[in-house]
Amino acid sequence: MDPVIRTSGLSKHYGHIVGLESLDLQVPPGIVFGCLGPNGAGKTTAIRLLVGLLRPTHGRAEVLGIDLAADPDEVQRRVGYLPGDFKAYPDLTGGQYLRYLGNLRGGVDWQAVELLAKRLDLDLTRRIGALSHGNRQKVGIIQAFMNEPELLILDEPTAGLDPLMQREFLALVREARDAGRTLLLSSHILTEVEAVADMVGILREGHLATVDSVENLKARALRRIDLIFAHEVPEAMLAGVPGVQEVHADGTIAQLTVEGSTADLIAALAPYRVDDVVSHEADLEEIFLAYYAEEG
Amino acid sequence: MFANAFLKTLRDQRRALVGWGAAIAVLVLLMAALWPSVRDMFEQDLLAAYPEAIQRLFDVEAMATGAGFLNAELFSIILPGLFIAYGIGRGARLTAGEEQDGILEVVIVGPLSRTRLLLHKAAALATGIIALGAVLFIATVVASAVMDMGIPVAHATIGTVAMVLIGIQHGWLALGVGAATGRRALALAVSGTLAVAAYALHVVGALVAAVEPWQPLSPFTQAIGPGPVGGTVPVGFVWLALTAVAFVAAAVPLFRRRDIATA
Numbered sequence: 002m003d004p005v006i007r008t009s010g011l012s013k014h015y016g017h018i019v020g021l022e023s024l025d026l027q028v029p030p031g032i033v034f035g036c037l038g039p040n041g042a043g044k045t046t047a048i049r050l051l052v053g054l055l056r057p058t059h060g061r062a063e064v065l066g067i068d069l070a071a072d073p074d075e076v077q078r079r080v081g082y083l084p085g086d087f088k089a090y091p092d093l094t095g096g097q098y099l100r101y102l103g104n105l106r107g108g109v110d111w112q113a114v115e116l117l118a119k120r121l122d123l124d125l126t127r128r129i130g131a132l133s134h135g136n137r138q139k140v141g142i143i144q145a146f147m148n149e150p151e152l153l154i155l156d157e158p159t160a161g162l163d164p165l166m167q168r169e170f171l172a173l174v175r176e177a178r179d180a181g182r183t184l185l186l187s188s189h190i191l192t193e194v195e196a197v198a199d200m201v202g203i204l205r206e207g208h209l210a211t212v213d214s215v216e217n218l219k220a221r222a223l224r225r226i227d228l229i230f231a232h233e234v235p236e237a238m239l240a241g242v243p244g245v246q247e248v249h250a251d252g253t254i255a256q257l258t259v260e261g262s263t264a265d266l267i268a269a270l271a272p273y274r275v276d277d278v279v280s281h282e283a284d285l286e287e288i289f290l291a292y293y294a295e296e297g
Numbered sequence: 161m162f163a164n165a166f167l168k169t170l171r172d173q174r175r176a177l178v179g180w181g182a183a184i185a186v187l188v189l190l191m192a193a194l195w196p197s198v199r200d201m202f203e204q205d206l207l208a209a210y211p212e213a214i215q216r217l218f219d220v221e222a223m224a225t226g227a228g229f230l231n232a233e234l235f236s237i238i239l240p241g242l243f244i245a246y247g248i249g250r251g252a253r254l255t256a257g258e259e260q261d262g263i264l265e266v267v268i269v270g271p272l273s274r275t276r277l278l279l280h281k282a283a284a285l286a287t288g289i290i291a292l293g294a295v296l297f298i299a300t301v302v303a304s305a306v307m308d309m310g311i312p313v314a315h316a317t318i319g320t321v322a323m324v325l326i327g328i329q330h331g332w333l334a335l336g337v338g339a340a341t342g343r344r345a346l347a348l349a350v351s352g353t354l355a356v357a358a359y360a361l362h363v364v365g366a367l368v369a370a371v372e373p374w375q376p377l378s379p380f381t382q383a384i385g386p387g388p389v390g391g392t393v394p395v396g397f398v399w400l401a402l403t404a405v406a407f408v409a410a411a412v413p414l415f416r417r418r419d420i421a422t423a
């Protein structure tokens, strides 16, 4: 099947500053593609190019089989889009705003909007200007999903959502994918992308560093784990566990860096009394370092 | 009210239109209330003492009639200024303001093309200004009847159209510059500068013989040259309308071809 997004040499420069450099990307239909990268890596630039809000300095992009430069209106008609910093008319209520966008787009089933609002626990009668950041983000998510577009492009969609709503959002993403739609979403948090994405592209300093499956990426991910033992840290034992790369011991506290699965580590800890385990978010920069180290 | 971008934009103006409309109506009625005492001054020949240049610029002679009085007091500076200010203030906000607030991009990434969005906004702005014109027209006709100013309906219509046209022209310039550049401040600056330059050319053209041949280029002269509350429809109306359309038409390809800013 033809890719839903196909770019070749897609670049965006702002004067001397490189926003995005030579992006060659193919996103097949019916998947969730996670666009991962630290802040400022070019995710938003790439997304804004793909929805036709920016014009590339070089290169070209085809979205839904349409040459974006030739017919941006047609692409914009057919994608759902959530900007990284979603803003809406502050004087309108969520309901008024969604009705307005729904009328512009046509064919929006209002019951579907109400259902989405219910699932995300959003009060549609409140003015957008009076909503918290998280509730405003829900309005943005609903407008992107409400007309069931064949391609959804979402920039940092879970920003500001509490964990419960993040889960509901990820369920929406899965349902859309299962219904055959394609989703591209960006994030700077690995675990968030990990939870739904089938494929992940990692951007770094405007360049696409790698495109890989989530499994492969996870196998390479470095995680920091703090273990608080009841007694002295068994430092030598920890250092010998497969996957454990670094061990810092200080009294009863051990700080570890583990690559990939933690299964071996957990098994090795069984005979010891561990009072507490603190797992830190995998750091993207460290994933890169691990990736590049292996690539040589 | 949310059926399309035209109605939405019109709805956004509703409070401003009520406020501006009330101000215009009150202004016309208050000024008309002064008319009887001015008429008495003419009867006592008190205004002949003004310097000749001032008499010419403000057409003091003409103030002996009700229409001349309203032309001199309202339709030569204050009303054009109000219509221009409304047009520019709104025009600059409609796309550039929304873009700088970060609201516009979700609207653009949708079925409404940038061209149609701009045309909807231009139409809504013109409709708002026409609504203010309707208020002005009614206030003028009512004032004339109550204060016995003797202004025919046709003359009041021409004066109103002059205000509406100069308001739309400047408003569409601000809208066009805002759409073409995405910068509200620039839209305000460019159209504000045009307004001041147009007024300056109009005034200097009336006072300085060497500048007089250029005076018809001024949108002010085009709008209010012959009256504007009077019996002739100025040719300048055509220029006002054509340039207004040209400002929006020129903005369309520029708006389509540029990057949309983030908030």
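Quick mapping for you: the protein sequence lines, in order, are chains A and B.
Just so we're on the same page, this note's numbering is the position in the first sequence counted from 1, plus 1.
Just so we're on the same page, this note's numbering is the position in the second sequence counted from 1, plus 160.
A virtual CB, placed ideally from N, CA and C, is assigned to each residue, including glycine.
Inset, instruction - Take the Cβ of A:Leu105 as the centre, count every other Cβ of all protein chains shown within 10 Å, and call the residue buried at 16 or more, exposed below. - result: buried
Inset, instruction - Measure the C-alpha to C-alpha separation of A:Tyr82 and B:Asp419 and round it to an integer number of angstroms. - result: 16 Å
Legend entry - Contact with chain A by B:Leu414, beta-carbon distance below 7 Å: no
Inset, instruction - Give a yes or no on contact between the region 29-42 of chain A and the region 176-185 of chain A, applying the rule of three or more CB pairs nearer than 8 Å. - result: yes
Inset, instruction - Could you check which residue in A:Thr94, A:Ile254, A:Tyr101, A:Glu157 has the C-alpha nearest to that of B:Met161? - result: A:Tyr101
Legend entry - Meets three-Cβ-pair contact criterion under 8 Å: the region 157-168 of chain A and the region 124-132 of chain A: no
Legend entry - Runs of alpha helix (DSSP H) lying entirely within the region 178-255 of chain B, each at least 4 residues, in chain order: 212-217, 226-230, 238-252
Legend entry - Any 3 or more C-beta pairs closer than 8 Å across the region 9-28 of chain A and the region 51-62 of chain A: yes
Legend entry - Validate contact between the region 192-200 of chain B and the region 262-275 of chain B using beta carbons, cut 8 Å, 3 pairs: no
Inset, instruction - May I ask you to report which of helix, strand or coil DSSP gives A:Glu151? - result: coil
Inset, instruction - Return the CA-CA distance between B:Ala406 and B:Arg416, expressed in angstroms with no decimal places. - result: 16 Å
Inset, instruction - Work out the CA separation of A:Leu204 and A:Thr211 for me, nearest whole Å. - result: 7 Å
Inset, instruction - Given a cut-off of 7 Å, decide if B:Ala283 and B:Phe166 are closer than it, judged by their beta-carbon atoms. - result: yes
Inset, instruction - Check the Cβ of A:Gln97 against every Cβ in chain D and list those closer than 7 Å, keeping chain order. - result: The question asks about chain D, but that chain is absent: this structure's protein chains are A and B.
Inset, instruction - Might you give, ordered along the chain, the residues of its own chain that have their beta carbon closer than 6 Å to the beta carbon of A:Pro29, omitting 5 neighbours on each side? - result: Pro4
Inset, instruction - State the Cα-Cα distance for the pair A:Gly20 and A:Arg175, rounded to the nearest angstrom. - result: 30 Å
Inset, instruction - Anything in the region 102-133 of chain A with a Cβ closer than 9 Å to a Cβ of chain B? List those residues in chain order, please. - result: Leu102, Gly103, Asn104, Leu105, Arg106, Gly107
Inset, instruction - Mind reading off the beta-carbon distance from B:Thr255 to B:Leu177? Whole number of angstroms is fine, and I expect it under 8 Å. - result: That belief does not hold up - the Cβ atoms of B:Thr255 and B:Leu177 are roughly 19 Å apart, past 8 Å.
Inset, instruction - Identify the continuous alpha helix (DSSP H) that holds A:Asp74 and give its terminal residues. - result: 73-79
Inset, instruction - Assign B:Trp374 to one of two classes, buried (16 or more other C-beta atoms within 10 Å of its C-beta) or exposed (fewer than that). - result: exposed
Legend entry - Minimum length 4: unbroken alpha helix (DSSP H) runs contained in the region 77-145 of chain A: 95-106, 111-120
Inset, instruction - Run down chain A in chain order and give the residues with a C-beta less than 8 Å from the C-beta of B:Lys168. - result: Tyr101
Legend entry - Ranges of the alpha helix (DSSP H) found wholly within the region 140-221 of chain A, counting only runs of at least 4: 164-179, 191-197, 215-221
Legend entry - Interfacial residues, the region 37-60 of chain A to chain B, with Cβ spacing under 8 Å: Thr45, Arg49, Val52, Gly53, Leu54, Leu55, Arg56
Inset, instruction - For the alpha helix (DSSP H) containing B:Val364, list its first residue and its last residue. - result: 344-367
Legend entry - Collapsed DSSP secondary structure at B:Val267 in the structure displayed: helix
Inset, instruction - Measure the alpha-carbon distance for B:Ala286 versus B:Gly181 and round it to whole angstroms. - result: 15 Å
Legend entry - Contact with chain A by B:Glu265, beta-carbon distance below 7 Å: yes
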